[in-house]
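Listed in order, the protein sequences are those of chains A and B.
Each position in the first sequence, counted from 1, maps to that position plus 246 in the working numbering.
Each position in the second sequence, counted from 1, maps to that position plus 2 in the working numbering.
What follows is a short report on a single structure.
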Amino acid sequence: MSALIELTGIERIFYLGDSEVHALRHLDLSVAGGEYVAVMGPSGSGKSTLLNLLGLLDRPNSGVYRLEGRDVTTLSAEEQARVRSERIGFVFQSFHLVPRLSAAENIALPMLLAGVTPALRGERVARALRDYGLENRADHRPDQLSGGQRQRVAIARATIMQPAVILADEPTGNLDRATGEEVMRLLEALNARGVTLIVVTHDGELGARARRQLLMQDGALQIDRRLQPEPTAHAHA
Amino acid sequence: MRTRDLIVFARDAAIGNPLRTCLLVLAMAIGVAAVVVLTALGDGARRYVLNQFSSIGSNLVIVLPGRSQTGGFNPGNAITSTPRDLTVDDAQALQRASAVLRVAPLAVGTSEISVGGKLREVMLAGTTAEFIDVRRLTLAQGQFLSAGDWRRGAAEAVIGARIRDELFGREPAVGQRVRVGDRRFRIVGVLAPTGQGLGMNTDELVIVPVALAQAMFNSNTLFRILVEATSREAIAPAKDQATEILRLRHEGEQDVTIITQDAVLATFDRLLGTMTIAVAGIGAISLAVAGILVMNVMLVSVTQRTAEIGLLKALGATATTIRNAFLAEAAILSLAGALVGFALGHAGAALIRQLYPAYPAFPPDWAVLAGLGTALVTGMLFGVLPARRAARLDPVLALARR
C-alpha cells in the first residue's frame with residue numbers, strides 16, 4: 247500500500263519585494279496512514295507553510311504532493327476544496343469557531359458546506375456532541391464556552407466528515423496545561439482509531455508524545471526521528 | 003451547499019451583526035419609500051387634475067372666442083385683426099349640428115348680490131336651462147332656470163351653496179328676492195355643494211338667464227359656448243361641425259378656438275405623467291445611493307470576516323459557495339430593505355391621504371414594482387464586488403488574521 251501523504255521535491259518560495267524567501271526547499275516526505283507525526287522547529291522554519299501545503303490551502307512552486315496516491319497539486323481550486331472537505335480536518339491554535347453559531351452549528355458547518363442532508367447532519371452532530379461531552383453545551387455560542395470546550399468543538403468539527411488526516415496547528419497553544427493535556431488525549435484517541443494525526447508545535451514536550459518527530463530548519467527537514475524502530479503504519483491500539 | 007442551507011447561513015450572518023444589518027435595511031427602505039411616496043404624490047397630482055376636469059362634464063366641446071392656433075392666410079385677416087365676438091346667435095346655430103346634443107352659452111362677469119342689508123361680491127354666470135345638464139351639476143333645492151327663449155328670460159336666479167349659507171344662514175332661500183347689480187331676482191334654486199371645479203367655483207356662483215346677464219354687463223359677448231356631443235365618439239365630429247358652422251357665420255374667418263375635454267385631459271395626463279416619472283427618478287437616485295452603501299458595508303463585512311472566510315475555505319467551502327453566501331446576504335438585506343420601504347412608503351402615502359382627503363395619493367403599481375426591482379438589482383449588483391473579493395481571499399492569509 248502506498249503512503250497516505252507523499253511529498254517529492256516540494257519548493258515553496260515567497261517573494262518579499264525583491265528578495266526571495268525559500269519557505270520550503272527540496273522537501274521529500276512520506277507519511278503512512280495512521281501515523282502520529284509532530285512537526286517542530288523555530289518560527290520561520292517553514293512548519294506552518296508545510297501544514298498549509300498538506301491541507302491544500304497553499305500550492306507549492308514545484309514538486310508533487312500525492313494524497314492517497316492521487317496527485318493533488320494539479321487539481322483545480324474547486325476539486326481541492328472537495329478534497330479538503332472529505333479527507334482533511336483542521337484544528338487551529340485559536341480554535342477558529344464562527345462566533346455567531348452555536349457549538350452544534352459549528353460542528354455541523356463542514357457538513358453544511360458539503361451539502362449533507364439535514365437529517366444526517368443532526369444525527370452525526372448529536373453523536374459528536376455525545377462523544378466529546380458537549381451535550382449540555384450544544385446551544386452555547388463560542389463566547390459562552392471555556393477554552394477546552396471550544397477546542398473540543400473544533401476537534402468535533404474537524405472529525406465530523408470522517409477525514410483521513412487531521413492537521414493540528416499548535417492545538418494547545420491557547421490552553422492551560424491540564425486542558426491542553428485533555429485535548430491532546432482526544433486527538434491521540436482519534437489517532438488510535440486510525441486517523442493520521444499531524445501536529446505542528448513549538449513545544450518539545452508535546453512533540454515528544456508523537457511516535458515520529460520532524461524537525462525543520464530554514465525550510466528543510468533537519469531531523470526525521472521515529473521513537474519506535476519501525477513505523478506502525480496501522481497503529482490500532 | 004444546499005440552497006436552503008445557504009439562505010439560512012446568509013440570514014444568520016446578517017442577523018449576527020444587527021447594527022450593520024439595521025443600517026443597511028434602513029438605507030434601502032428609505033430609497034424604496036422615497037420612490038413610493040414621491041410617485042404617490044406625482045400620480046396623485048395627475049389624478050387630482052383629471053378628476054377636476056371630468057367634473058366639468060363629459061363629452062364636452064368648449065368654444066372660446068379668438069384664435070390661438072396658427073393658420074394659413076385668410077383674406078378676412080387683412081381687413082380686421084380683432085376677432086368677432088361669440089354671440090347667443092352663434093350658440094343657437096350650433097344646436098343645428100347633428101353631433102351636438104346640447105348647447106349652453108356662458109357669459110361671465112362679477113357683480114354684487116344683496117339681500118336684507120347683506121352685500122357680497124359674486125361671480126355672475128349668464129346661461130340657459132341646458133347648463134345644468136351640460137355641466138352635470140345637481141340642485142340641492144328648488145329648480146334650475148326655466149327653459150324658454152334665450153333672448154328673453156325671467157328674473158330668476160340659481161345660487162351656489164356657499165352663497166346660500168352666507169346670505170340666508172338657516173332660513174329658506176328658495177323664493178326669496180335678492181338684488182343682483184341693479185336688478186331684482188327671485189331665487190328659484192340652490193346648487194348642491196361641489197367644491198373646487200377648475201377656475202370656476204360653483205359654490206360661489208350666481209346663475210341668471212344669459213339675456214339678463216348680458217344686459218347687466220352691457221355686452222353681447224359670450225365667455226364660452228359649452229357644447230355637449232351626443233356620445234364620446236361624436237366629440238370629434240361635433241368639434242368639426244362647430245368649427246364649420248362658426249366659420250360660415252363669421253364670414254369665412256376661423257376666429258374661434260375649439261377645445262375638447264379629451265385634448266385637455268390628454269395634455270395634463272402627459273404633463274403630470276412625465277412629472278411622476280421625474281420624481282420617480284429622484285427616488286431612484288436615493289436607491290442607487292443605498293446600493294453603494296450596501297457595497298461599502300459588505301466590503302467592510304468581508305474585511306471583518308476574513309478569518310471566517312478562511313475557515314470556511316479550510317473546511318471545504320469552494321470559492322463559488324463563498325461568493326453565493328455573500329450574494330445571498332446582500333440579496334436578503336436588499337429584500338428586507340425593499341419590503342420595509344414598501345410598507346413605509348404605503349404608510350406615508352396613507353398619511354398624506356389622511357391629511358389631504360381630496361388628494362388621491364396612491365402610488366402607481368409600475369412605480370412600486372420598479373422601486374422594489376431597482377432595490378433588489380442594485381443590492382445584488384453592488385453585492386457582486388464584495389462577494390468576489392471574499393471568494394478570492396487566500397485562505398492562508400485569511401486564517402493568519404485573527
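Just so you know, even glycine gets a beta-carbon here, dropped at the ideal spot from N, CA and C.
Model, not experiment: these values are computed from the prediction.
- Item | Pair within 8 Å by beta-carbon distance, P409 of chain A and G335 of chain A | Start at 1 with the first residue of the first sequence, and residue 409 of chain A comes out as number 163. Start at 1 with the first residue of the first sequence, and residue 335 of chain A comes out as number 89. With contacts defined as CB atoms closer than 8 Å, P409 of chain A and G335 of chain A qualify as a contacting pair.
- Query: If G280 of chain A and T442 of chain A are in contact, beta carbons under 8 Å, what's the gap, nearest whole angstrom?
  - Reply: Here residue 280 of chain A refers to the residue found at position 34 of the first sequence. Here residue 442 of chain A refers to the residue found at position 196 of the first sequence. Contact holds; Cβ gap of about 6 Å.
- Message: What does the Cβ neighbour count give for R272 of chain B, buried or exposed, with the cut at 16 atoms within 10 Å?
- Response: Counting from 1 along the second sequence, the entry for residue 272 of chain B is found at position 270. Label assigned to R272 of chain B: exposed.
- In or out: S303 of chain B buried (at least 16 other Cβ within 10 Å) or exposed? Here residue 303 of chain B refers to the residue found at position 301 when the second sequence is read from its first residue. Counting Cβ neighbours within 10 Å, S303 of chain B comes out buried, since at least 16 surround it.
- Query: Regarding L248 of chain B and the ligand ADP, is the C-beta to nearest heavy atom distance less than 7 Å?
  - Reply: This structure lacks the ligand ADP, and indeed carries no ligand of any kind.
- Item | Element boundaries [alpha helix (DSSP H), containing L267 of chain B] | Along the second sequence, read from residue 1 onward, the residue named residue 267 of chain B stands at position 265. Taken as a continuous stretch (DSSP letters only), the alpha helix (DSSP H) holding L267 of chain B covers 263-306.
- Query: Between which two residues does the alpha helix (DSSP H) containing S294 of chain A stretch?
  - Reply: Residue 294 of chain A sits at position 48 when you count from the first residue of the first sequence. Per DSSP, S294 of chain A belongs to the alpha helix (DSSP H) from 293-300.
- Neighbour list for T323 of chain B in chain A, Cβ cutoff strictly below 7 Å: As a first step, residue 323 of chain B is located in the second sequence; it is residue number 321 there, counting from the start. Close to T323 of chain B, with beta-carbon spacing below 7 Å, are these residues of chain A in chain order: L359.
- Name the DSSP bridge partner or partners of H268 of chain A? Translated into positions along the first sequence, residue 268 of chain A becomes position 22. In DSSP, H268 of chain A forms a bridge with A:I259.
- Query: Going along chain A in order, which residues have a C-beta closer than 9 Å to the C-beta of A363 of chain B?
  - Reply: Indexing the second sequence from 1 puts residue 363 of chain B at position 361. Against chain A, the beta carbon of A363 of chain B has no neighbour under 9 Å; the closest one sits roughly 42 Å away.
- Item | Where Q145 of chain B falls, given that 16 or more other Cβ within 10 Å makes a residue buried | Indexing the second sequence from 1 puts residue 145 of chain B at position 143. Exposed: under 16 other Cβ atoms inside 10 Å.
- Query: CB-CB under 6 Å to M247 of chain A, same chain, minus the five flanking residues each way: which ones, in chain order?
  - Reply: Mapped onto the first sequence, residue 247 of chain A falls at position 1. Any answer about M247 of chain A is weak, because its pLDDT of 49 lies below 50 and its placement is not dependable; what the coordinates show is given next. Correct list: empty, nothing qualifies.
- Mapping DSSP to helix, strand and coil, what is F328 of chain B? For the purposes of this step, residue 328 of chain B is identified with residue 326 of the second sequence, where counting begins at 1. Under the three-state reduction of DSSP output, F328 of chain B falls in the helix class.
- Task: Sort B:G177, B:A213, B:D92 by Cα distance to D151 of chain B and report the nearest one.
- Result: To locate residue 151 of chain B, count along the second sequence from 1; it is residue 149. Measuring from the Cα of D151 of chain B, the nearest candidate turns out to be B:A213.
- Task: Leaving out five residues on either side along the sequence, give the residues of the same chain with a beta carbon under 6 Å from the beta carbon of A194 of chain B.
- Result: Numbered from 1 along the second sequence, position 192 holds the residue referred to as residue 194 of chain B. The answer, listed in chain order, is T140, A142.
- Which whole runs of the beta strand (DSSP E) in the segment 116-164 of chain B are 3 residues long or more, in chain order? Note on the segment 116-164 of chain B: whole beta strand (DSSP E) runs with a minimum of 3 residues are 120-129, 141-144, 158-161, in chain order.
- Query: Which of the residues in the segment 297-318 of chain A, read from start to end, lie with their CB under 8 Å from any CB of chain B?
  - Reply: Listed by position, the residues of the segment 297-318 of chain A near chain B (Cβ gap below 8 Å) are N298, G301, L303, D304.
- Query: What does a CB cutoff of less than 7 Å around P356 of chain A pick up in its chain, not counting 5 residues either side in sequence?
  - Reply: Reading the first sequence from its first residue, position 110 is the one you call residue 356 of chain A. In its chain, beyond the 5 residues on either side, S331, R403, I406, M407 have a beta carbon closer than 7 Å to the beta carbon of P356 of chain A.
- Quickly, what does DSSP pair L275 of chain A with across the bridge? List them, please. In the first sequence, residue 275 of chain A corresponds to position 29, counting from 1. Per DSSP, A:L253.
- Query: Are there 16 or more other CB atoms within 10 angstroms of the CB of T320 of chain A, so buried, or fewer, so exposed?
  - Reply: Taking the first residue of the first sequence as 1, we reach residue 320 of chain A at position 74. It counts as exposed.
- Item | Length-filtered (4 minimum) alpha helix (DSSP H) runs lying within the segment 357-421 of chain A | Listed in chain order, the complete alpha helix (DSSP H) runs (minimum 4 residues) inside the segment 357-421 of chain A are 364-377, 393-405.
- Message: How far does the alpha helix (DSSP H) with R185 of chain B in it extend, from its first residue to its last?
- Response: Mapped onto the second sequence, residue 185 of chain B falls at position 183. Element bounds for R185 of chain B: not the alpha helix (DSSP H) but the beta strand (DSSP E), 185-193.
- Message: Tell me whether the segment 322-335 of chain B and the segment 382-394 of chain B touch, counting them as touching only if at least three CB pairs, one residue from each stretch, are closer than 8 Å.
- Response: With the cut-off at 8 Å, the segment 322-335 of chain B and the segment 382-394 of chain B touch.
- Query: Going along the chain, which residues of its own chain have a beta-carbon closer than 8 Å to the beta-carbon of L432 of chain A, five neighbours each way excluded?
  - Reply: As a working note, residue 432 of chain A is residue 186 in the first sequence. Excluding residues within five positions, the ones whose Cβ falls inside 8 Å are Y378, R398, I401.
- DSSP beta-bridge partners of S113 of chain B: For this step, residue 113 of chain B is matched to residue 111 along the second sequence. Paired residues: B:V124.
- G335 of chain A - partner residues in DSSP beta bridges: Walking along the first sequence from the start, residue 335 of chain A turns up at place 89. Bridge partners of G335 of chain A: A:I412.
- Message: Three or more C-beta pairs under 8 Å: does that hold for the segment 342-356 of chain A against the segment 417-434 of chain A?
- Response: No: the two stretches stay apart, fewer than three of their Cβ pairs being nearer than 8 Å.
- Query: Bridge partners of I354 of chain B, per DSSP?
  - Reply: What you label residue 354 of chain B is simply residue 352 of the second sequence in a count that begins at 1. Paired residues: none, contrary to the question.
- Near M297 of chain B, what residues of its chain come up, given a Cβ to Cβ distance below 8 Å and the 5 sequence neighbours on each side ignored? Translated into positions along the second sequence, residue 297 of chain B becomes position 295. Excluding positions up to five away in sequence, the list reads F384, G385, L387, P388.
- Listed by chain order, chain A residues near R4 of chain B by CB distance under 7 Å: Here residue 4 of chain B refers to the residue found at position 2 of the second sequence. Against chain A, the beta carbon of R4 of chain B has neighbours under 7 Å at G361, listed in chain order.
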